[in-house]
Amino acid sequence: MVGWFSKLVVAMTIRMPRWFVRWVSRRYVAGPSLEDAVLVMKRLEKEGACFTIDVLGEEIHSIDEAIEFYNEYENAIRAISTNSLDANISIKPTAFGIHIDYTKGAELIEKLIRFAGEFDMFVRLDMEDHRVTDDTIKIVTELHGKGLTNVGTVLQGRLHRTLDDIKNMKQILGPAADYRICKGIYLEPEEIAFTSYNDIVEATNAAIKEMLNAGAYVGIASHDKPVIDYSIQQLKQHGMGANQTDPRSNAGAERKGKGPGYEFQMLLGVRGPMRRKLLNDGHRVRVYIPYGEKWYEYSIRRLKENPTIGTHVAKAFLMPWTNRP
Ligand code: FAD
Numbered sequence: 001m002v003g004w005f006s007k008l009v010v011a012m013t014i015r016m017p018r019w020f021v022r023w024v025s026r027r028y029v030a031g032p033s034l035e036d037a038v039l040v041m042k043r044l045e046k047e048g049a050c051f052t053i054d055v056l057g058e059e060i061h062s063i064d065e066a067i068e069f070y071n072e073y074e075n076a077i078r079a080i081s082t083n084s085l086d087a088n089i090s091i092k093p094t095a096f097g098i099h100i101d102y103t104k105g106a107e108l109i110e111k112l113i114r115f116a117g118e119f120d121m122f123v124r125l126d127m128e129d130h131r132v133t134d135d136t137i138k139i140v141t142e143l144h145g146k147g148l149t150n151v152g153t154v155l156q157g158r159l160h161r162t163l164d165d166i167k168n169m170k171q172i173l174g175p176a177a178d179y180r181i182c183k184g185i186y187l188e189p190e191e192i193a194f195t196s197y198n199d200i201v202e203a204t205n206a207a208i209k210e211m212l213n214a215g216a217y218v219g220i221a222s223h224d225k226p227v228i229d230y231s232i233q234q235l236k237q238h239g240m241g242a243n244q245t246d247p248r249s250n251a252g253a254e255r256k257g258k259g260p261g262y263e264f265q266m267l268l269g270v271r272g273p274m275r276r277k278l279l280n281d282g283h284r285v286r287v288y289i290p291y292g293e294k295w296y297e298y299s300i301r302r303l304k305e306n307p308t309i310g311t312h313v314a315k316a317f318l319m320p321w322t323n324r325p
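No gaps in the numbering here: position 88 of the sequence shown is 88 in this note's numbering, and each next residue is one more.
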């Protein structure tokens, strides 16, 4: 349930001038340019973090706009390589046009996966709302079928379907499956998703367990203590954890650059102390780095999509010690 306070924060923020929104979003968005993202990564790599880059954009209306995204991601891949950063990229399938022309969008995504492969780089397909869940999973499984295994998807704990998706993908991808698991940012209808905090945490934790049992690589994307604590306990039960190699007999071969079968993932600007604690304890932690000209539209859309972010933002300002970057 979204509280009145969150709604109020969102309603106020979207009416504020652009400079104010930029001021609020500064800690969550690296900046308008790729150079800004590189600078942020260089700063955070001193903590020992690794990264995934997200080029911000709004809904596109033509394949030409998708090609612009493609080109920017090529630039990002080159910059990661030139600056020797421990980073990969995250893309939104609709930014590549799959909702306009599935075939053309999927081809463009494939082209990018092949390009990233030349740099030995992994590409994560972010998961958007439930209208594109099937297509996103389909693209990943089809690319693996073509021998392109440097790609993986995100599953959302809040969706009822997620445990079945893990079981199906286990059949198709085996240990090559590489997931990011998160609660899911989109407020989905209750016919297809859990809606209460406790149910979402429970379902997300169940998905993490299922992924670990399946021998998959698991990127645990959460800042929520009950999810992180549960994950560490589950990792222990699998003989996994900080500074250990993945001992699971059903796991894939050594996965270059991806750590011991799992990693934690966090958003730029969110819960720095928790991130640093995980890093200091020896866990691999990947920070999600959004950048792009469309930072304003992105910030407003995110707030509208899920007003609970409003509470997080307000909390970060009113109680900064709970969420230092
Ligand atoms: P919450 O209970 O929401 O948050 C726990 C605490 O973390 C909060 O109390 C607050 O202190 C802090 N916090 C969390 N979010 C914020 C924020 N935005 N601003 C300030 N403080 C915050 N969702 C998708 O649907 N598809 C994706 O592809 C996707 N990719 C993601 C990638 C990464 C690396 C991460 C970390 C999240 C991603 N998400 C994605 C979002 C995710 O689904 C959740 O909506 C989000 O992470 C909040 O859930 P939480 O588990 O952190 O728990």
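A virtual CB, placed ideally from N, CA and C, is assigned to each residue, including glycine.
One alpha carbon belongs to R27, the other to K46, and they sit about 18 Å apart. The bridge partners DSSP lists for S90 are D54 and R124. Taking C-beta atoms under 8 Å as the contact rule, I98 and V132 qualify, at a distance of about 7 Å. Straight-line spacing of the CA atoms in D64 and A30 works out to 26 Å. Residue range V285 to Y291 is occupied by the beta strand (DSSP E) that includes R286, with no alpha helix (DSSP H) assigned at that position.
Relative to the Cα of V285, the nearest Cα in the group L163, F264, R276 and E293 belongs to F264.
Per DSSP, D224 lies in no alpha helix (DSSP H) segment and is marked neither H nor E.
When DSSP states are grouped into helix, strand and coil, M16 belongs to the coil group.
The Cβ atoms of G219 and I181 lie closer than 9 Å to each other. In the three-state reduction of the DSSP assignment, F264 falls in the strand class. Membership of Q156 in the beta strand (DSSP E) is indicated by the continuous run V151 to Q156.
Where R276 is concerned, the enclosing alpha helix (DSSP H) starts and stops at G272 to N280. A residue is called buried when at least 16 other Cβ atoms come within 10 angstroms of its Cβ; K277 does not meet this threshold and is exposed. For Q234, the shortest C-beta to heavy atom distance toward ligand 1 is 8 Å or greater.
Inclusion of A214 and P260 in the CB contact set at 9 Å is not warranted, their separation being larger than that value.
Within the DSSP secondary-structure output, D178 pairs in a beta bridge with Y217. Per the DSSP secondary-structure output, A251 pairs with nothing in a beta bridge. For I89, the closest alpha carbon among the candidates E107, M41, G241 and V227 is that of M41. Contact annotation: the stretch 241 to 251 does not touch the stretch 196 to 206, with fewer than three C-beta pairs closer than 8 Å. CA-to-CA, the gap between R271 and S231 works out to about 17 Å. Excluding sequence positions up to five before and after G252, its CB lies within less than 8 Å of the CB of G174, P175, A176, G215 and Y217, all in the same chain and listed in chain order.
When DSSP states are grouped into helix, strand and coil, A193 belongs to the strand group. Look at C50: its beta carbon is at least 8 Å from all of the heavy atoms in ligand 1.
Partner residues in the beta bridge of L159, as assigned by DSSP, are A193.
Closer than 8 Å to some heavy atom of ligand 1: that describes the Cβ of Y28.
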